[in-house]
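What follows is a single structure, written as structure tokens, with notes after it.
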Amino acid sequence: MAHRYKKKLGEILLDKEKIAPGDLIKALAEQKTRRDRLGSVLIRMDTLTEKEIMEVLSDQLGIPIVSLYEGNIPAITAHLIPKEFAAKLMVIPYELRGNVLRLAMVDPLDIVAIDEVTSLLRREVEPCITTKSDMKWALQHYYGTKSLIETTVEDIIETQAEEPEEEEAAEDLVPPTIPFEEPVVKLVNSLLAQAMADGASDIHIEPMKDSMRIRMRMDGRLHASQPPPKHLLQSVISRLKIMGNLDIAKTRVPQDGRFDLTGDVSVRVSTYPSMWGEKAVLRLLYKNAPLYGIEKLGLLSGDEEELKKVLKRAYGFLLSTGPTGSGKTTTLYAILNYLNSEEKNIITIEDPVEYTLESVTQAQVNQKAGLTFEAGLRSMLRQDPDIIMVGEVRDRETAGIAVHAALTGHVVLSTFHTNDAAGALTRLVEMGIEPFLVASSVSCVVGQRLLRKICDDCKESFMPPPAVLQTIGVNEVLPLYRGKGCPSCRGTGYRGRTGVFETLVVDDEIRALIVNKAPTETLKKKAIEHGMREMRDDAIRKALMGITTLEEALNTTQLE
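Take 29 as the starting number for the sequence shown in the working numbering and just add one per residue.
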């Protein structure tokens with residue numbers, strides 16, 4: 029007889045005080061719009077980890093947790109149910125004991141799945157819990173299920189093997205043909221669907237001399253996917269150009285466009301000519317992804333308190349600085365979310381609008397219509413704003429308007445491209461902003477990078493040689509941490525990312541140095557004297573706390 033559970037997952041988590049009632053209400057609302065499992069929604073909202081949910085269910089319901097990664101299920105047991113059935117329900121037979129089947133499940137509260145397996149095998153089903161990544165690995169290992177891309181590529185190869193190849197038309201004479209029959213459309217759709225399923229931020233479609241390469245960026249690193257045949261490259265690029273409203277006849281100049289994939293996801297398309305053909309990079313923007321709060325950015329307690337203290341000021345220019353892809357925009361959104369209230373008029377000009385915020389007036393740069401950062405910022409000041417966010421300071425004009433806005437009683441937030449926090453102050457002066465204006469307007473600069481976190485599912489501690497610890501200034505014996513590699517992290521040992529920061533608060537002594545045009549190193553030394561923790565020190569602390577590995581900490585924050 030199958031197990032029956034009266035309580036739902038949300039009720040169990042509330043009883044265990046793992047989530048607050050407000051978190052459950054928000055997750056249930058999100059679940060209705062996405063039609064997803066509640067556990068998946070809570071994980072996506074960063075409220076709980078998959079491991080935490082599994083442990084709660086196991087403890088509350090007495091259901092064991094099993095790992096499928098070792099491949100320890102007998103093949104005859106795994107194939108008790110058809111692969112289509114297993115893939116649809118996300119279940120796999122784990123162990124057969126007489127008339128009792130222990131069934132590994134991603135959702136052990138799925139009574140419908142338990143009943144269907146019971147009816148199919150006419151055996152009593154005893155559920156076990158496993159992770160989603162373990163289940164995906166097991167389905168591929170035991171049933172040979174492939175990713176969407178692999179399946180689609182194989183279908184295309186089989187289909188085109190039966191058709192004669194057509195001669196390529198000369199680009200200068202004839203516009204590229206667009207064979208948008210089912211195979212190419214299906215391939216592009218599979219690429220996008222696979223990227224969304226894996227939580228990828230970018231897709232790279234690259235021509236090589238004799239082949240075509242597809243890579244997806246996950247947790248800041250590129251991972252290769254099954255490549256299609258090279259002769260499909262132009263068709264795939266053309267299909268993406270059509271979707272992004274670009275000119276398919278132009279293949280020798282870069283182009284940029286965008287399209288909405290779903291109501292929640294939009295895609296930026298960028299093409300670039302190369303020796304072997306056009307390259308395309310797709311940036312996936314998840315509009316309704318849960319916003320981070322300041323407390324979840326990765327700021328250590330002292331830096332978080334310092335930042336919140338600065339944000340209580342009624343005016344001032346706050347800059348988030350770092351290279352491309354360092355999480356600057358995420359930090360600004362977290363700050364906006366913290367400051368957002370009915371009493372504040374908040375206006376933004378962004379390129380693009382990556383998240384939608386309630387009660388915030390957001391606008392997107394439109395170069396063709398004349399809406400630039402500079403023009404948008406000028407118009408904002410006539411809208412009686414309390415808080416202004418400018419997506420990026422790119423030129424002297426935008427920087428000058430932002431500085432004057434901060435001096436006239438507004439809180440101004442923006443991003444800047446410099447290597448560290450102190451460098452932003454000297455860069456503003458180098459752009460032509462008077463030093464006394466920079467000193468008077470800038471209240472805080474947050475320098476940052478992103479580093480990978482150790483996977484929670486395969487995390488282990490180890491004792492490093494004393495010499496390793498001494499190189500980072502630690503003279504006592506302490507454990508370090510690493511990931512062994514598992515399905516959850518695709519064998520990398522890392523899953524997810526967090527920020528490393530240095531928070532430079534501009535005080536009277538630093539203002540005096542700015543006015544005197546002090547170099548970056550002098551400003552940095554003074555900030556450290558006043559309590560600023562450099563990014564490298566912040567990263568090393570996170571390694572000692574077991575958040576990341578020492579190798580990742582040192583590689584992410586290399587010394588100048």
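Beta carbons are placed, not taken as given, at the ideal position from N, Cα and C, and that holds for glycine. All figures in this text were calculated on a predicted structure; none of them were measured in a lab.
Residue from the options whose Cα sits closest to the Cα of residue i
i      : options                        : result
THR61  : ILE40, TYR97, GLU152, THR290   : THR290
PRO92  : HIS432, ARG455, GLU123         : GLU123
ARG341 : LYS44, VAL439, ALA555, GLY321  : VAL439
ALA450 : PHE401, GLN390, LEU215, LEU346 : LEU346
ALA581 : TYR522, MET240, ALA495, LEU551 : TYR522
GLY305 : CYS517, VAL293, VAL281, GLU323 : VAL281
VAL212 : MET271, GLU537, ARG245, LYS164 : MET271
GLN390 : GLY398, LYS396, ILE363, GLY419 : GLY419
VAL393 : GLU386, VAL421, VAL496, SER387 : VAL421
LYS570 : GLY326, THR436, LEU435         : GLY326
ILE47  : THR75, PRO494, GLU504          : THR75
TYR97  : SER161, THR548, LEU137         : SER161
VAL177 : ALA434, GLN222, VAL153, GLU144 : With the sequence shown as reference, residue 177 is identified as Ile, and Val is not the correct amino acid for it. Comparing Cα positions, the closest option is GLN222.
MET303 : PRO351, ARG267, LYS324, MET236 : MET236
ILE276 : SER263, ARG286, ASP288         : SER263
GLU402 : ILE233, ALA495, VAL431         : VAL431
Beta-ladder partner(s) of residue i, from DSSP
i      : result
ASP535 : According to DSSP, which records beta bridges pairwise, ASP535 is partnered with nothing at all.
GLN390 : THR376
PHE113 : Answer is none; PHE113 lacks a bridge partner.
HIS251 : MET244
ASP11  : Past the edges of the chain, shown from 29 to 588, lies residue 11, and the structure says nothing about it.
ALA132 : ILE120, CYS156
THR443 : SER348
ALA509 : Correcting the residue type first, residue 509 is Tyr in the shown sequence and not Ala. Partner(s): SER489.
PHE464 : The partner list for PHE464 (beta bridge, DSSP) is empty, contrary to what the question assumes.
PHE529 : GLN476
TYR314 : VAL293
LEU399 : ASN394
DSSP state of residue i mapped onto helix, strand, coil
i      : result
GLU375 : The identity of residue 375 in the sequence shown is Ile, whereas the question assumes Glu. Correct three-state label for ILE375: strand.
GLY321 : coil
GLY344 : strand
ILE231 : strand
TYR300 : strand
ASP484 : coil
ILE2   : Residue 2 cannot be examined here, being either before or after the span of the chain that is shown, 29 to 588.
SER471 : strand
GLU306 : strand
ARG267 : helix
MET459 : coil
MET417 : strand
GLY126 : coil
GLU562 : coil
GLY524 : strand
VAL431 : helix
LEU201 : Model confidence at LEU201 stands at a pLDDT of 38, short of 50, so the residue's coordinates are unreliable; what they give is reported in the following sentence. Correct three-state label for LEU201: coil.
ALA581 : helix
VAL502 : coil
MET163 : helix
Buried or exposed (CB count within 10 angstroms, at least 16 for buried), residue i
i      : result
ILE53  : exposed
GLN411 : exposed
ASP423 : exposed
TYR300 : exposed
LYS481 : buried
ARG150 : exposed
VAL216 : buried
ASP247 : buried
MET417 : buried
THR426 : buried
ALA57  : exposed
VAL140 : exposed
LYS396 : exposed
GLY353 : exposed
MET133 : buried
THR384 : exposed
heavy atom of the ligand NAD below 7 angstroms from residue i C-beta
i      : result
PRO413 : With respect to the ligand NAD, the structure offers nothing, as it holds no ligand at all.
Minimum Cβ-Cβ distance from residue i to chain C less than 8 angstroms
i      : result
GLY519 : In summary, chain C is missing from the structure at hand, where a single protein chain is found.
Practice task
Mind the definition here: the region 565–577 touches the region 521–531 only if three or more C-beta pairs lie below 8 angstroms; say whether that holds.
Solution key: yes
Problem - Touching by the beta-carbon criterion (3+ pairs, under 8 angstroms), the region 466–486 and the region 367–379 - result: no
Problem - Cβ contact check for the region 146–157 and the region 76–92: 3 or more pairs under 8 angstroms - result: Two segments are said to touch when three or more pairs of C-beta atoms, one from each, lie closer than 8 angstroms; by this definition the region 146–157 touches the region 76–92.
Handout entry: Three or more C-beta pairs below 8 angstroms linking the region 411–425 and the region 313–330
Key = Between the region 411–425 and the region 313–330 there are fewer than three C-beta pairs closer than 8 angstroms, too few to call the two in contact.
Exercise for the section: Count the CB pairs spanning the region 452–463 and the region 541–549 that are closer than 8 angstroms, and state whether there are at least three. Expected result: Segments in contact, yes.
Exercise for the section: Please determine if the region 212–231 and the region 243–262 are in contact, where contact requires at least 3 C-beta pairs separated by less than 8 angstroms. Expected result: yes
Handout entry: the region 373–393 / the region 549–560 touching (three or more Cβ pairs under 8 angstroms)
Key = no
Exercise for the section: Report yes or no: do three or more beta-carbon pairs, one from the region 110–121 and one from the region 163–174, lie closer than 8 angstroms? Expected result: yes
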